[in-house]
Structures are given as C-alpha cells and as structure tokens.
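Chains as they are written, first to last, in the working numbering: chain H, 1 to 248; chain C, 1001 to 1248. Beta carbons: idealized from backbone N, C-alpha and C, even for Gly. Worksheet for the structure shown next.
Number of protein chains: 2
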Amino acid sequence: MNQRQSMTDAGESGGAKPRRLGKNGDGAERHEAIYRTISDAIIEHRLKPGARLREDALAEVFGTSRTGVRKILQRLALEQLVTLTPRRGASVTRPTAEEAKDVFDARQMVECGLMPEVARHIKPDDVRELRDMARREREALKSGEQSRAIKLSAAFHERLAQLSGNATLAAFVGQLCSRSSLILAVYGSSGHLGCESHDHDDLIGFLEAGDGERATAFMGRHLKAIEASLSIVEEEQEAPDLHEIFGV
Amino acid sequence: MNQRQSMTDAGESGGAKPRRLGKNGDGAERHEAIYRTISDAIIEHRLKPGARLREDALAEVFGTSRTGVRKILQRLALEQLVTLTPRRGASVTRPTAEEAKDVFDARQMVECGLMPEVARHIKPDDVRELRDMARREREALKSGEQSRAIKLSAAFHERLAQLSGNATLAAFVGQLCSRSSLILAVYGSSGHLGCESHDHDDLIGFLEAGDGERATAFMGRHLKAIEASLSIVEEEQEAPDLHEIFGV
DNA sequence: CCAGGAAGATACGTATACAATGGCAGCCAG
DNA sequence: CTGGCTGCCATTGTATACGTATCTTCCTGG
C-alpha cells in the first residue's frame, strides 16, 4: 500500500530544463479520468446507493493521495451523486422519494422546454450521432447489459440538451440524468428499464422534422412513462415504524 | 474531557502570524461562514469580476489554512462564481455575453415554469415574508445601496423558487441568481438596477391571488426587462485592440 | 535602443503527518 | 440480565512541507 509510483519525472531527471510547452494538464486530466470512472461506476450501478466510499481505499485503488480523492468526492457531492456526512465519510447517495419526484419534475420542465430549441438547431450530423447513440443503447438493452444501457440513455438525454445551445441548461440536465440513474437503481423495477426501446428513435424523428411541438409532447410522455415505471415506496430504512409493523 | 487546548485570539490586525486558532468541532460551520462571506462579497460586487483570489491571502484573512480555502474555492468554481484556471489560481468569473444569454434563458424557462406551483403552494406566512423582502429591497434601492439591493433581489427570486416545493429546481434557481448578479456587475448600466421597484410587489399580488398564469406572464416580462436593461457588448478583455483605441 | 533569455520569486498542486471525532466493544454496576 | 460507561480503533479533517510551473525582472547581445 506504500508503493508510490514516481512516474511523473521518470525521463526528465537529468535535464531540469524549463519546458515552454508545459504539459500542465497531466494531473488534472488524471483526476478528471478518476472522476469519470467513479461517476460512471455510480451511474452504471456498479456502485450501489448506500455503498461507502472510503478515501483511503479510493486513493489506493487509483494510485493517488487522499487529497485528490477528496476533491473528486466533493465534486460528486455537489452533484448529489455521493453524500458527504460530516465525520463519517462519503457514500453513494440514496435518493429519497421526494428527491426522485423533484428530479423528474425538473426534467419534465427543462427537457420539454428545451425541445423546441433543439428542433430548431439540430443538424444532419447531430441526427446521425443521436441515431448512433440510440442504436448502441438498443443493442446494450438487447444483450442484457443494463448498466451500459442506463449510462447510454443518460448520455443520450444529455447530448440532446447540449444541442439546444444553452450550455447552462445542458449541464443541469446532465446532473439530472445522473441522479435519475441513481433513482432507477433504488426505485426501478428490475425487468423494466428506464427508456423504452424505440422512444428515442421516435423522438429523433420529430426533431429531424423540425416539429418541436410534437417533440415536446413526446418527451413529456417519455419522461412520465419512466417515472411511472418506478415503484416508489418509502423503505423507511432509517426509522422502521415498529408500531405499524407489529400492528399496535 | 480533554480541554487542553486554549483558545487563542484571532488577531486579524496586520502582521499577525498564522496562528492556530481554536479548531474544535465548528470547523465545518466556520468554513460555511467563510464560503458565504466570499459568496456575498462577489454577489454584492465588492469583489469585481476578474479580481484574483489568491489562496494564501484568503487563508490569512480568514485565519485558516489553504486547504480549507481551496475547498471553498472549488465549491464556488462549481457554482460558476469563480473561475479556476490551472496553475494560475482563482479569480471572480467574468461572464461572457453568451453565458449571460444562457443564464437568462434558463431563468426564463425555470422561474416562469415554477410560478404555477408557487401560486398553488404559497401561504399567508410566505406572502408576508416575501413582502418584507421586497420592502427591504426597495429601501436599499432608495438609499442608494446598490450592493444590498442586488443581493436582496437575488434572495427574493431564490426564496420564490423555494416556495415551489421543488428543492432541486430551487437550488438551480439560486445558482442562476448568483450568476445573474455577476452578469449585472459586468453588463449592467450603473443607473439602472436589476429589478424595478414595484415589480416584486406586483408579482406577490398575483401569487397571493393564486393566479399562476398571470404570475408566469409577469415573471417573463420581468426577466425580459432585466435582460433588456443590460448593455451586452463584447469587451475584448483579452486582446484590447490598440489600433482601435488609439485611432489607427 | 530593443529583444531574447535566464534566474529568481511567487503561487499553485500534491503528499504526508497529526489531531480530533464517531463508533464499537468490553467491563462494571444495579 | 440489562443498561450505562469508559477505553481503544478506525477514519476523516486540517495543517504544513515540498515540488513544479509560471511570471517578472534584469542582464546581455545584436
């Protein structure tokens, strides 16, 4: 556990020459990669809600120090993917039923509201890209790779939002999609995945035709369908009501 | 109990050596307070866009170490209030014209979309609270305290969003309002502040009457008015065109 | 007189060490 | 036998030290 790799200055020991072309982004890129790895693991449900994320363990796994891990954890916490409890560390967020409703209401508002803009801005290249994403999602679903399908579905919705041209709202939609993956992990029934097979293709069709109105309505139904497929039951993991359980 | 640690006074006068001041359990609270202090300073334009925020200086001012400052800075960066350029430190974000448009488009969508919910959920106590906030804002505006007025205006909009009951969207609106303050700092004309004097009072009236539709329309006009009052001109902050400046 | 480079200073990024806190288990008293 | 308490352990939170990159300034050459 104490092995620290000194690969950073492996080839520059002798020179010590200040390089004008500073490849400064090395550390930042690595942390970005670690962030994405953890984020993907959460979104793909390889890390289940409630799983504890110890800083030491993560630091060892990724070959970095706790400092960098903490930074990543804080970022994930601000995106609500992990919960940071004050002296007890980080764990994958377990969304409450109320949060689930808020997230889907927000998606309903923002994603539907974005459809007209998307229909106006979309270009043939975008259509091809979206169709490719939808195809890969369908394939993943067909071959039983639920994790991959969920991630691809979230990526599809996020990409769609990006096409609106509003980076702020697109980033927000991205967060909402990530949180939706968590919600699916907790409240989703196993047999029924998030997005139906052909919904995304149909949506692309409306957008390609420039029919923002119909795309908006379709997106609304699409999201409602996902939300309706959830079995949102309060699990009372914190305070099981013994009176109710034992019937007194 | 082990109280072997004596509280050392936090002398903030010049020349004070970075001394370990009492770091018993209120560390989180103190950092929260520091975060709010910096955030307020930015929102109130006491820290102008482009101002550099050196970690050492902040650490010394607030009597903490760079570690804590970094955490706060990262949080502010994720909320887009400060920009973190690798190897060059933090500075107050200078929003671009495009970002300004995105932010106001987002506010248009979300805040207007929230009005019906707010009109449905609002209670007499909330009405009183909002009226009080609007009154304080008006007073600040009348007495020429632009900084205070801007902060109160942002707080008003954020509180309004909270009344919708959707915490996720409310938090998003809060971020948008903070960024709007920055945008006002850069693009706002000095004479014309963000929100008109009686707009907020009129809005409260619609909401109190439960007229979500009219409130939505009014909020839309309100935000459009703010956006229209901006003088969005590209300032070419990076490459000042000397030829143009010196007339050839 | 100007330009280019080198050296020093400054400030950020990372790692590590230390301190404090929450949880757990074993022990004692009622 | 049950309930509370006190000690230890594990883990996080904070601070400091070090390495490195960038920026500034000065010196030298053209």
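Which residues bound the alpha helix (DSSP H) around residue 229 of chain H?
By 1-based counting over the first sequence, the position of residue 229 of chain H is 229. Unbroken alpha helix (DSSP H) run through residue 229 of chain H: 212 to 229.
What residues in its chain sit with their C-beta under 8 Å from that of residue 1236 of chain C, if we drop five residues either side in the sequence?
Taking the second sequence and counting its residues from 1, the one referred to as residue 1236 of chain C is at position 236. Here residue 1236 of chain C scores only 49 on pLDDT, less than 50, and its place in the model should not be relied on; the value that follows carries that caveat. Close CB contacts of residue 1236 of chain C within its chain, under the 8 Å cut and outside five residues either way in sequence, are absent.
For residue 169 of chain H, which residues in chain C fall below 8 Å Cβ to Cβ?
The residue labelled residue 169 of chain H in the question sits at position 169 within the first sequence. By Cβ distance, chain C contributes 1102, 1105, 1106, 1109.
Could you tell me whether the Cβ atoms of residue 44 of chain H and residue 150 of chain H are closer together than 8 Å?
Here residue 44 of chain H corresponds to residue number 44 of the first sequence, with the count starting at 1. Here residue 150 of chain H corresponds to residue number 150 of the first sequence, with the count starting at 1. Cβ distance < 8 Å, so residue 44 of chain H and residue 150 of chain H count as in contact.
When the Cα atoms are used, what is the spatial distance from residue 1168 of chain C to residue 60 of chain H?
To locate residue 1168 of chain C, count along the second sequence from 1; it is residue 168. To locate residue 60 of chain H, count along the first sequence from 1; it is residue 60. A direct Cα-to-Cα measurement between residue 1168 of chain C and residue 60 of chain H gives close to 34 Å.
Beta-carbon proximity check, residue 1187 of chain C vs residue 1100 of chain C, cutoff 8 Å:
In the second sequence, the residue the question calls residue 1187 of chain C occupies position 187. In the second sequence, the residue the question calls residue 1100 of chain C occupies position 100. Yes.
With the cut-off set at 8 Å, would you say residue 962 of chain C and residue 1096 of chain C are in Cβ contact?
The shown model of chain C, from 1001 to 1248, leaves out residue 962 of chain C, and the question about it has no answer.
Locate the beta strand (DSSP E) running through residue 113 of chain H, then write down its first and last residues.
As a working note, residue 113 of chain H is residue 113 in the first sequence. Per DSSP, residue 113 of chain H belongs to no beta strand (DSSP E); it is in the alpha helix (DSSP H), 97 to 121.
What is the C-beta distance between residue 107 of chain H and residue 223 of chain H, in whole angstroms, given that I count them as a contact (C-beta under 8 Å)?
As a first step, residue 107 of chain H must be located in the first sequence, where it is residue number 107. As a first step, residue 223 of chain H must be located in the first sequence, where it is residue number 223. Right, the Cβ-Cβ distance comes to about 6 Å (below 8 Å), so this counts as a contact.
Can you look up residue 94 of chain H in the DSSP assignment and give me helix, strand or coil?
In the first sequence, counting from the first residue as 1, residue 94 of chain H sits at position 94. Assignment of residue 94 of chain H by DSSP, reduced to helix, strand and coil, places it in the coil class.
For residue 157 of chain H and residue 216 of chain H, I'd like the C-alpha separation in whole angstroms.
Here residue 157 of chain H refers to the residue found at position 157 of the first sequence. Here residue 216 of chain H refers to the residue found at position 216 of the first sequence. Spanning the two alpha carbons is a distance of roughly 13 Å.
What span of residues does the alpha helix (DSSP H) with residue 1067 of chain C cover, start to end?
Numbered from its first residue, the second sequence carries residue 1067 of chain C at position 67. Here the alpha helix (DSSP H) through residue 1067 of chain C covers 1066 to 1078.
Closest to residue 46 of chain H by C-alpha separation, out of H/71, H/181, H/69, would be which residue?
In the first sequence, residue 46 of chain H corresponds to position 46, counting from 1. For residue 46 of chain H, the nearest C-alpha among the options comes from H/181.
With DSSP collapsed to three states, give me the class of residue 1159 of chain C.
The count along the second sequence starts at 1 and reaches residue 1159 of chain C at position 159. Collapsing the DSSP output to three states places residue 1159 of chain C in a helix.
Residue 113 of chain H versus chain C: which residues are under 8 Å apart at the beta carbon?
Indexing the first sequence from 1 puts residue 113 of chain H at position 113. Near residue 113 of chain H (Cβ distances below 8 Å), the residues of chain C are 1109, 1113.
If we define contact as Cβ-Cβ less than 8 Å, is residue 1120 of chain C a contact residue for chain H?
Taking the first residue of the second sequence as position 1, residue 1120 of chain C is located at position 120. So no, residue 1120 of chain C is outside the interface.
I want to verify the contact list: residues of chain C whose CB lies under 8 Å from the CB of residue 75 of chain H, in sequence order.
As a position in the first sequence, residue 75 of chain H is number 75, starting the count at 1. Among the residues of chain C, those whose CB is under 8 Å from the CB of residue 75 of chain H are 1074, 1078, following chain order.
From the beta carbon of residue 23 of chain H, is the nearest beta carbon of chain C less than 8 Å away?
As a position in the first sequence, residue 23 of chain H is number 23, starting the count at 1. Because the pLDDT of residue 23 of chain H is 33, which lies under 50, any placement of that residue in the model is unreliable, and the number read from its coordinates should be weighed accordingly. Closer than 8 Å: no.
Under 7 Å from the C-beta of residue 1206 of chain C: neighbouring residues of chain H
Taking the first residue of the second sequence as 1, we reach residue 1206 of chain C at position 206. Against chain H, a Cβ distance below 7 Å from residue 1206 of chain C picks out nothing, because the smallest value is about 20 Å.
I need the straight-line Cα distance from residue 255 of chain H to residue 1075 of chain C, nearest angstrom please.
Look at the range of chain H in this structure, 1 to 248, and you will see that residue 255 of chain H is not part of it.
Can you tell me which of H/49, H/30, H/71, H/102 puts its alpha carbon nearest to the alpha carbon of residue 227 of chain H?
Position 227 of the first sequence, counting from 1, holds the residue named residue 227 of chain H. That would be H/102, whose Cα lies nearest to the Cα of residue 227 of chain H.
Nearest candidate by alpha-carbon position, reference residue 84 of chain H, set H/49, H/165, H/63:
As a first step, residue 84 of chain H must be located in the first sequence, where it is residue number 84. When only C-alpha atoms are compared, the closest one is H/49.
Within the same chain, show all residues whose beta-carbon is closer than 8 Å to that of residue 1031 of chain C, passing over the 5 residues directly before and after it, in chain order.
The residue labelled residue 1031 of chain C in the question sits at position 31 within the second sequence. So the list reads 1064, 1068, 1071, 1072, once near-sequence residues are dropped.
Compute the distance between the beta-carbons of residue 130 of chain H and residue 159 of chain H, then report whether it is under 8 Å.
Start at 1 with the first residue of the first sequence, and residue 130 of chain H comes out as number 130. Start at 1 with the first residue of the first sequence, and residue 159 of chain H comes out as number 159. The Cβ atoms of residue 130 of chain H and residue 159 of chain H lie closer than 8 Å to each other.
If the cut-off is 7 Å on Cβ atoms, which residues from the stretch 1211 to 1229 of chain C count as contacting chain H, listed in chain order?
Residues: none.
Give the range of the beta strand (DSSP E) segment to which residue 84 of chain H is assigned.
In the first sequence, counting from the first residue as 1, residue 84 of chain H sits at position 84. That run of the beta strand (DSSP E) goes 82 to 85.
With H, G and I counted as helix, E and B as strand and the rest as coil, what does DSSP make of residue 52 of chain H?
Your numbering for residue 52 of chain H matches position 52 in the first sequence. Strand, per DSSP.
Mind listing the chain C neighbours of residue 172 of chain H? Cutoff is C-beta to C-beta under 7 Å, in chain order.
The residue labelled residue 172 of chain H in the question sits at position 172 within the first sequence. Listed along chain C, the residues sitting closer than 7 Å to residue 172 of chain H by beta-carbon distance are 1172.
Would residue 109 of chain H and residue 1113 of chain C qualify as a contact pair, given that the criterion is a beta-carbon distance under 8 Å?
Taking the first residue of the first sequence as position 1, residue 109 of chain H is located at position 109. Taking the first residue of the second sequence as position 1, residue 1113 of chain C is located at position 113. The criterion of a C-beta distance shorter than 8 Å is satisfied by residue 109 of chain H and residue 1113 of chain C.
By DSSP, does residue 144 of chain H sit in helix, in strand, or in coil?
The sequence position of residue 144 of chain H within the first sequence is 144, counting from 1. Judged by DSSP in its simplified three-state form, residue 144 of chain H adopts coil rather than helix or strand.
Enumerate in chain order the residues of its own chain whose CB-to-CB distance from residue 1232 of chain C is below 7 Å, with the five nearest sequence positions on each side excluded.
Here residue 1232 of chain C refers to the residue found at position 232 of the second sequence. Answer for residue 1232 of chain C: 1097, 1100, 1187, listed in chain order.
Verify whether the separation of the beta carbon atoms of residue 1204 of chain C and residue 1127 of chain C is less than 8 Å.
Here the question's residue 1204 of chain C lines up with position 204 in the second sequence. Here the question's residue 1127 of chain C lines up with position 127 in the second sequence. A contact, by the Cβ cut-off of 8 Å.
Which residues share a DSSP beta bridge with residue 1089 of chain C?
Position 89 of the second sequence, counted from the start, is the residue given in the question as residue 1089 of chain C. As a beta-bridge residue in DSSP terms, residue 1089 of chain C pairs with C/1085.
Run through chain H and tell me which residues come within less than 9 Å of residue 1071 of chain C, C-beta to C-beta.
For this step, residue 1071 of chain C is matched to residue 71 along the second sequence. 70, 71, 74, listed in chain order.
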